[in-house]
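For reference, each letter of the sequence shown is one residue, going 5 to 202 in the numbering used here. Report on one structure; see the data block that follows.
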Amino acid sequence: MALQQADPQLHLSGLDRLVPLRRLELMLATNELDIFLCMLPSERRREMMRFLPTPLYRVRHVLLVRAGTPAPMSWTALRAFARRKPVLLVQGSQLAVSLQQADVNHVEAAKSEVDAVNLLLRERADAVYGQDMALRHALRIAGIDERLVEFGPFAFDEQPQLVAVSRRLPQAVVDRLAERLRHLQTSGELARIVDRYR
């Protein structure tokens, strides 16, 4: 991992564990977890944890639909689309706030992005609202033929993914992490990593 290569004294474990988002938030809030890479900040989350200022990358909020389904290309069109059947989200997703504010009918019923894509393909939902990179990754790891689905061409929002850190993590460690992250950004390494996943 790039952060560990930038600073061999940093030891990051648990990179291969799958944990639901709500559980990750709780683990950070209760100091069971020191660091989590790639979390969207929110007021509620800022009360539970801290965020490093350097963005890892920006995500676009998009719709994923079954192939051949016309995707809404505005908030107004999305509201009308979701009146027929709620838009599906991953449980605990910060994206629900955007949909609530835009008055879009939605349901947080998927346990993960992979689960959301499978529910879409089983016609339990007509659309999944999510982060472009997370949904692309879900398609890859689930081995789903990308010809079965389509990403809507419209980005409803765009937000930075940040590194979240526990409030109990010593400030010296937080500062060191922040410095290493800035170095990865200025060297262009962060951009190279992101390009591999887009």
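Even glycine gets a Cβ: it sits at the ideal position worked out from N, Cα and C.
Would you kindly report the start and end of the unbroken alpha helix (DSSP H) that includes residue 52?
Looking at the DSSP string, the run of the alpha helix (DSSP H) that includes residue 52 is 47-52.
Using 8 Å as the Cβ pair cut-off and three pairs as the minimum, do the segment 139-157 and the segment 169-189 touch?
Result no; under three Cβ-Cβ pairs closer than 8 Å.
Counting pairs of Cβ atoms below 8 Å between the segment 124-135 and the segment 64-76, do you hit three or more?
As far as the Cβ criterion goes, the segment 124-135 touches the segment 64-76, which means the pair count is three or higher.
What would DSSP say about residue 153, mapped onto helix, strand or coil?
Of the three classes helix, strand and coil, the one that applies to residue 153 here is strand, per DSSP.
What does a CB cutoff of less than 8 Å around residue 101 pick up in its chain, not counting 5 residues either side in sequence?
These residues qualify, in order along the chain: 46.
For the 8 Å Cβ check, are there 3 or more pairs between the segment 44-63 and the segment 111-119?
The answer is no - the segment 111-119 does not touch the segment 44-63, with fewer than three Cβ pairs under 8 Å.
With distances taken Cα to Cα, identify the nearest neighbour of residue 98 among 180, 135, 118, 177.
The option with the nearest alpha carbon to residue 98 is 135.
Near residue 53, what residues of its chain come up, given a Cβ to Cβ distance below 7 Å and the 5 sequence neighbours on each side ignored?
Counting only Cβ-Cβ distances below 7 Å, and skipping sequence neighbours, we find 32, 33, 168, 169, 170, 171.
From 57, 82, 40, pick the residue whose C-alpha is nearest to that of residue 189; which is it?
Cα-wise, what sits closest to residue 189 is 57.
Indicate whether at least one CB of chain C lies closer than 8 Å to the CB of residue 113.
This model lacks chain C altogether, as it is built from one protein chain only.
CA-CA distance, residue 227 and residue 192?
Only positions 5 to 202 of the chain appear in this structure, which leaves residue 227 out of reach.
Nearest by alpha-carbon distance to residue 26: which of 73, 94, 106 is it?
Per the Cα distances, 94.
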